[in-house]
Structure formats: C-alpha cells, structure tokens
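In the working numbering, the protein residues as written are 1015 to 1264.
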Ligand code: PEP
C-alpha cells in the first residue's frame, strides 16, 4: 500500500518569517500524518529555522543541491549541508532547474546519486514540454528522463526515490493534466520502473503529480489509484489552500 505524499514547493517565495508563519498555520491544522506524508520545500535560507516547527514524520525538502562534497563551487549547497540543516528530502530535476538554469539529465543524475549516497530521499521531477506533447513524444521524453536520471541507482537505492510527473505546460499555468492523462503517464512510468528494476519496486514506488494542483482538483487527481501524491507550487503558498489540499481525504 503506497502512502500518499504531498509536498509544497515554495520556489523563490517567502522570507524566513513568512515561511515560519505558513508552516505553523499548517502544522496546527492537524493534518492526519497516519493518512498522508506531507511537508515543505522552502528556499535554502529558511530550512534550518523551519525544521524547528516540524516533527520527525514531516518532509523537509531542499529544492536543489550540488553533487560534489565540498569545494570551490560558489553559490552551491551540498547534501551534507542540507542534512545538517534538517532536510530529509531533496527535489531534483525540477523543470525550472532544467529549463531556466540549463540542468542536463547527466547533471541531475549526478545529483541523484550523491543525494542517495548521503542518505537523502529524492523527488525526481520529470515532464514533457508542450511541444513534445503536441509532437506526441511525451512518453518517450519522460521515460528517457527517468532512465537517465536513475542511471547507476541500484535496487536498494530506488526505495528512497519518489518520481514527480510534472508536465511543463501545466506548471504555474493554471492548466492541469486531466486525471486520465496523468494516470496514463503514471502507468507508463510504473511499467518502466518494472523494466529497470522489478515488479515489486514498481508496485512500491510513489509517483506524484505536479502542475497547477489546487483545492478544486486534488480530490479528482487523488481518486486515481495511479496518483500517489502531489507536488504543489502556487497553491502551497497560502495556508488556506494548502490545508484544503492536504485534507483532500476528508
Ligand atoms: C511545481 O512547482 O512543482 C508546481 C507544480 O507548481 P504549480 O503547482 O504552481 O504549477
């Protein structure tokens, strides 16, 4: 049985005080942690402070990291630093990292390997551009990103990986993939994991959907057996909307 997982990706929003206020409001709203795993991906500078308001079950994710241990990499943050600040997860390969900052599948793969070797859980984001969907190569794109992103990730490491399917055309645009489209892609991803690993790993891996998730569409998306959770951007920035999303099970 895969436990649902919902994470709010704040991107470059919220200073430390705003972040703490948001987390306090959400944590105090008594989300049932028996029913779902949930948490936050704040900007780096807020991670350490926000950790103080979370319990051991909460997810505290960084939005990125670098793949080297330490050294002359101005502006970068290592896996060890994230762990020392309180992170248990890291988001890697987000479409904004791929398309604004030019991250390649090879770089993302190095980050995935480093994060897993250091003991972090990874949310590996994959997703096609609108032009790729229009050219009907969305599945090929997504499965390629998965194969390349997981190169060298062995049978034991894959248990610490969550896949987030985030069609790029649905991120921050208000357009959501239909439940059927998301479900179809999630099934393909699961079959692909079975090929790369085995049936058991495919059955157990959590596949989240991301792309304009909001209170109005979360129930419908989560009603699919294939959709194990959500990576939420815009709608995670307000306590009211994120709480409604987290309590989709009510
Ligand atoms: C995201 O940041 O991963 C995301 C899905 O953003 P939004 O919910 O705003 O589309």
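For glycine and all other residues, C-beta sits at the position ideal for the given N, C-alpha and C.
If you draw a straight line from the C-alpha of residue i to the C-alpha of residue j, how long is it?
i: residue 1257; j: residue 1069; result: 17 Å
i: residue 1111; j: residue 1136; result: 15 Å
i: residue 1187; j: residue 1212; result: 36 Å
i: residue 1057; j: residue 1154; result: 32 Å
i: residue 1216; j: residue 1198; result: 15 Å
i: residue 1235; j: residue 1195; result: 10 Å
i: residue 1247; j: residue 1152; result: 22 Å
i: residue 1249; j: residue 1108; result: 17 Å
i: residue 1184; j: residue 1177; result: 16 Å
i: residue 1260; j: residue 1175; result: 21 Å
i: residue 1027; j: residue 1245; result: 16 Å
i: residue 1067; j: residue 1073; result: 12 Å
i: residue 1071; j: residue 1144; result: 36 Å
i: residue 1148; j: residue 1142; result: 10 Å
i: residue 1047; j: residue 1095; result: 27 Å
I'd like to check one pair, residue j with residue i: are the Cβ atoms closer than 8 Å?
i: residue 1091; j: residue 1063; result: no
i: residue 1228; j: residue 1202; result: no
i: residue 1221; j: residue 1200; result: yes
i: residue 1106; j: residue 1129; result: yes
i: residue 1116; j: residue 1180; result: no
i: residue 1132; j: residue 1099; result: no
i: residue 1055; j: residue 1021; result: yes
i: residue 1125; j: residue 1081; result: yes
i: residue 1218; j: residue 1016; result: yes
i: residue 1045; j: residue 1052; result: yes
i: residue 1030; j: residue 1059; result: yes
i: residue 1120; j: residue 1159; result: no
Let me know if residue i comes out buried or exposed under the rule of 16 or more other beta-carbons within 10 Å of its beta-carbon.
i: residue 1192; result: exposed
i: residue 1207; result: buried
i: residue 1102; result: buried
i: residue 1087; result: exposed
i: residue 1237; result: exposed
i: residue 1156; result: buried
i: residue 1263; result: exposed
i: residue 1113; result: exposed
i: residue 1190; result: buried
i: residue 1093; result: buried
i: residue 1243; result: buried
i: residue 1150; result: exposed
i: residue 1084; result: exposed
i: residue 1226; result: buried
i: residue 1042; result: exposed
State the beta-bridge partners of residue i as determined by DSSP.
i: residue 1053; result: 1021 and 1073
i: residue 1103; result: 1075 and 1135
i: residue 1244; result: 1020 and 1223
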